[in-house]
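Visitor: Below is one structure. I have some questions about it.
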Amino acid sequence: MNNPNPNERISACVQAVEKLARQSIPPDDFLRQFLAFVMEGSQAPAGAIWTLAENGFRLVGEQNIAGTEILQNQERGQKNSKLLVEVVNNSQTIAIGPASSKAELRPAPLVVVVSPIFKDKKCAAILQLFFPETISDEAQKGLMQFAEHLSGLASLHLSGKMVSPVAVNSKSFWESIDRFLLDLHNGLDTNQVATTAVNDVRQILTVDRVAIAMKWGRKTKMIAVSGQDKVNRNANLMQKLNRLVRTVYQSGKPFIYNGQLKDLAPQVEKQLADYLEESNARMLAIYPLEYQDREHKSEDKPQDKAKPPILIGAMVVELLTSHNWDTDRQAAAELVSDHIATAIHNADEHEKIFLLPLWRFIGRGFRALRGKTLVKTLVVSGLILAAILALMFVQYDYRANGEGRLMPIVQRDVFASQDAEVETVFVTGGDPVKSGDLLIQLKNPELQAEFLRVQGELSEKTFLVRAQQSELELASRAGQVEDAIRLQGRIAETEIEVNSLKKETEILKDRIDKLKVYAPIDGVVATFQVEQLLRNRPVRRGEVLMEVMDPKGMWHLELEVKDKRMGHLLRAQTKFDTTALPIEYVLATDPETTYTGHLEKISSRTSINQESGNVIQVYADIDERELAELRIGAEVIAKINCGKMTLGYVLFGDAIDFVRVRLWL
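The sequence shown begins at 896 in our numbering and counts up by one.
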């Protein structure tokens, strides 16, 4: 026996449930048979039907539920009870997979689809289906729609409404229409109006699905589908329905398919067949939504013609279980479609108002300005205006901030004169020194070896000169003229070599003498822990070994000012015709006392500070006698007075400059 394809299986399941729902069967027996049909149609590995009891939930029917362990395992049972309570409270069909936002409610490591079954608008039972975790999100949505549709049929059976779903002349129908109209005209948001319409119309007409498509220029856009918070317009079902609606609603007449594909235009027939293959609908009706402008004054001016209706979109109604689209349903559908067209048109016109959120805000503001609120508002507005005027016109001193150190003016760096290794450090940090005091002894074994080698060669050449001179004397006495001339030439060559070695010896001796590093000035050693830093350490020529400063002389501030402040400093110097701008500063060790000074010198180039970015070195002259304690390198925070500027710029200058730089204002 061949297995039917999924569409045929689902269609057979829906027909079987519809037939079952029309029979007079006790509720428990109906629910058990209903579960069997649903399990067969959905191919769910496990499923259950629960009813509400006084002390919780009662299991009416189940298939393979033991595999989920929700009855044997207490923890899973508690999770399952929480899930059922969630469905009862929300009255919505849900599918919970491993990636769902409510995954913590899953009673077992499976995909769970749960749908409420209602009796007289109250939850009376719950359908629960279990599927493997491997099914896709798209399949979960399809199973959720399948369970919701069949639960709707079960709800009609329990409520006794399967025989006559709609009675236009009944009191309950008009009561539902009244509630529908109140909900429909309760908002002016197009999506909200459309969502309210599809969900209410689905209940009024007792159909399986209602959708609303809105005309968007030459295109059509699905804006609401019953049972869905958000329309997935990229889904195949929605795209095929969109093409079908766009083709048929232009006629302005309702289009009804009740199982027969005859007397249709070829393009309509093809699009309808494509959609029915995807949706499995047995009845489909498309009602154009046309807005009729009833404000024309044809009675006052008979010559004025009535304005033609405006096509807003279309309402799509579907039945998945029956071809029967009776006259009562048709009349009710035409009635609600007129109201939906008006409500959507009004909402759309309202949303077209330019800067609507702004006008709403202004309107609420003016509405709030009544009585004492008006007085308070005027007072606050006056204060705000006064503050703005003060920021714009009140002048205040603008001061550029700088951070730096308190340092003696006389300071020298002690350098290594050549590549060597530190042998001995004779001072420590803070020691007083005199100019010429030995600070560091360096050693260079290669240099010492070179000096000894040159000295050896010099001694050898000197001895050779003496020997050659002795030979010259003997040759002269013996009258050997040629030998004497040859010896004189050799003596001259050797003497040249001797002179060269003497000069090389002097140079090497000078280099060896420079391995001793002396203090360049009177002062103190300003480098902290100098012995730990230098002992036995190799150094390169020109490398700074330590700093010597004279704390008994004059002191100044070495500051770093951000590069963006330099414009204010230079303008102030030009304005006051002086480079000695006044400065106020505090020491980090004594922040309560403010001292004064004046600008002395500004560096001609920008440097980079890892924390502050581009900075300019600035030096400030101070009176060191004012300071209670002079400590080399003490942290200083200074403010350089750049003259008067508006209070607004003084307070918010950085923000103003940021906007100016970014926008070039």
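Glycine residues also receive a C-beta, built at the ideal position from the N, C-alpha and C atoms.
At what residues does the alpha helix (DSSP H) containing residue 1351 begin and finish?
Guide: Looking at the DSSP string, the run of the alpha helix (DSSP H) that includes residue 1351 is 1340-1372.
Visitor: Taking the C-alpha atoms as reference points, what is the distance between residue 1009 and residue 966?
Guide: About 17 Å.
Visitor: Between the Cα of residue 907 and the Cα atoms of 1215, 1393, 1094 and 1203, which residue gives the shortest distance?
Guide: Comparing Cα positions, the closest option is 1215.
Visitor: Count the other C-beta atoms from every protein chain shown that fall within 10 angstroms of the C-beta of residue 1543, then say buried if there are 16 or more, exposed otherwise.
Guide: So residue 1543 counts as buried.
Visitor: If you draw a straight line from the alpha carbon of residue 1364 to that of residue 1416, how long is it in whole angstroms?
Guide: Going from the Cα of residue 1364 to the Cα of residue 1416 covers about 52 Å.
Visitor: Can you check whether the CB of residue 1434 is closer than 9 Å to the CB of residue 1316?
Guide: In this structure, residue 1434 lies closer than 9 Å to residue 1316 by Cβ.
Visitor: Quick check on the burial criterion: 16 or more other C-beta atoms within 10 angstroms. Buried or exposed for residue 1075?
Guide: Under this definition residue 1075 is a buried residue.
Visitor: From residue 1193 to residue 1103, what distance separates their C-alpha atoms?
Guide: Per-residue confidence for residue 1193 stands at a pLDDT of 49, beneath the threshold of 50, marking its modelled position as unreliable; the derived number appears in the next sentence. Spanning the two alpha carbons is a distance of roughly 42 Å.
Visitor: Considering only residues of the region 1469-1502, which uninterrupted beta strand (DSSP E) runs meet the minimum length of 3 residues and lie entirely inside it, listed in chain order?
Guide: As far as the region 1469-1502 is concerned, its whole beta strand (DSSP E) runs of at least 3 residues are 1477-1482.
Visitor: Return the CA-CA distance between residue 1059 and residue 915, expressed in angstroms with no decimal places.
Guide: At residue 1059 the pLDDT is 47, less than 50, meaning the model places this residue with poor confidence; the figure from the coordinates comes in the next sentence. Approximately 16 Å between the Cα atoms of the pair.
Visitor: Rounded to a whole number of angstroms, what is the C-alpha to C-alpha distance between residue 1046 and residue 925?
Guide: Spanning the two alpha carbons is a distance of roughly 12 Å.
Visitor: Quick check on residue 1032: does DSSP put it in helix, strand or coil?
Guide: Here residue 1032 sits in helix by DSSP.
Visitor: Under 7 Å Cβ to Cβ from residue 1333, same chain only, skipping five residues before and after it: list those, please.
Guide: Result list for residue 1333: 1321, 1411 and 1413, in chain order.
Visitor: Within the same chain, show all residues whose beta-carbon is closer than 8 Å to that of residue 1399, passing over the 5 residues directly before and after it, in chain order.
Guide: The answer, listed in chain order, is 1349.
Visitor: What's the gap between the Cα of residue 921 and the Cα of residue 1055?
Guide: Straight-line Cα distance between these residues: approximately 12 Å.
Visitor: Give the DSSP-derived three-state secondary structure of residue 1115 in the structure shown.
Guide: Note: residue 1115 maps to strand in three-state DSSP.
Visitor: In the DSSP output, which residue or residues are listed as bridge partners for residue 1517?
Guide: Bridge partners of residue 1517: 1492.
Visitor: Would residue 1166 and residue 1139 be called neighbours here (beta carbons separated by less than 9 Å)?
Guide: Contact flag set, yes.
Visitor: Distance, Cα to Cα, residue 1032 vs residue 1272?
Guide: Cα-Cα distance, rounded: 54 Å.
Visitor: Rounded to whole angstroms, what is the Cα-Cα separation between residue 953 and residue 931?
Guide: Those two C-alpha atoms are separated by around 18 Å.
Visitor: To which residues does DSSP link residue 942 through a beta bridge?
Guide: According to DSSP, which records beta bridges pairwise, residue 942 is partnered with 958 and 1024.
Visitor: Since residue 1536 is in the beta strand (DSSP E), which residue starts that stretch and which ends it?
Guide: Run containing residue 1536: 1529-1541, per the beta strand (DSSP E) assignment.
Visitor: Can you list, in chain order, the residues of its chain whose CB lies under 6 Å from that of residue 896, leaving out five sequence neighbours each side?
Guide: Low confidence applies to residue 896: its pLDDT is 39, below 50, so where it sits in the model is not reliable, and the reading given next is rough at best. None.
Visitor: I'd like to know if the region 1518-1532 and the region 1540-1555 are in contact, where contact means that at least 3 CB-CB pairs between them fall below 8 Å.
Guide: No contact exists between the region 1518-1532 and the region 1540-1555.
Visitor: From the DSSP secondary-structure annotation, give me the bridge partner or partners of residue 1254.
Guide: Per DSSP, none; premise fails for residue 1254.
Visitor: Could you tell me which of 964, 1390 and 1268 sits nearest to residue 1358, measuring between CA atoms?
Guide: Of 964, 1390 and 1268, the residue nearest in Cα terms is 1390.
Visitor: Under DSSP, the beta strand (DSSP E) around residue 1182 begins and ends at which residues?
Guide: Residues 1178-1186.
Visitor: Here's a check: name, in chain order, each residue in its chain whose Cβ is nearer than 8 Å to the Cβ of residue 1558, leaving out the five neighbours to either side.
Guide: There are no such residues.
Visitor: Runs of 4 residues minimum, wholly inside the region 1414-1446: which ones carry the alpha helix (DSSP H) assignment?
Guide: Counting whole runs of 4 or more residues, the region 1414-1446 contains the alpha helix (DSSP H) stretches 1425-1429.
Visitor: Bridge partners for residue 1296 per DSSP, in chain order?
Guide: DSSP output for residue 1296 lists 1534 as bridge partner(s).
Visitor: Have a look at residue 1362 and residue 1401 and give me their C-alpha separation to the nearest angstrom.
Guide: So the alpha carbons of these two residues sit roughly 25 Å apart.
Visitor: Residue ranges of each alpha helix (DSSP H) run of no fewer than 4 residues wholly in the region 1072-1144, ordered along the chain?
Guide: Entirely contained in the region 1072-1144, the alpha helix (DSSP H) runs reaching 4 residues are, in chain order, 1085-1100 and 1131-1143.
Visitor: Which parts of the region 1204-1231 are runs of the beta strand (DSSP E), unbroken and 3 residues or longer, counting only runs that do not cross its ends?
Guide: With a minimum length of 3 residues, the continuous beta strand (DSSP E) runs that stay inside the region 1204-1231 are 1205-1214.
Visitor: Got a sec, what are the start and stop residues for the alpha helix (DSSP H) residue 1381 sits in?
Guide: It spans 1376-1408 - the alpha helix (DSSP H) in which residue 1381 sits, taken as one unbroken run.
Visitor: Measure the C-alpha to C-alpha separation of residue 1048 and residue 1254 and round it to an integer number of angstroms.
Guide: Answer to the nearest angstrom: the Cα atoms are 47 Å apart.
Visitor: Is DSSP giving residue 1547 helix, strand or coil here?
Guide: In the structure shown, residue 1547 sits in a helix (DSSP, three-state: H, G or I).
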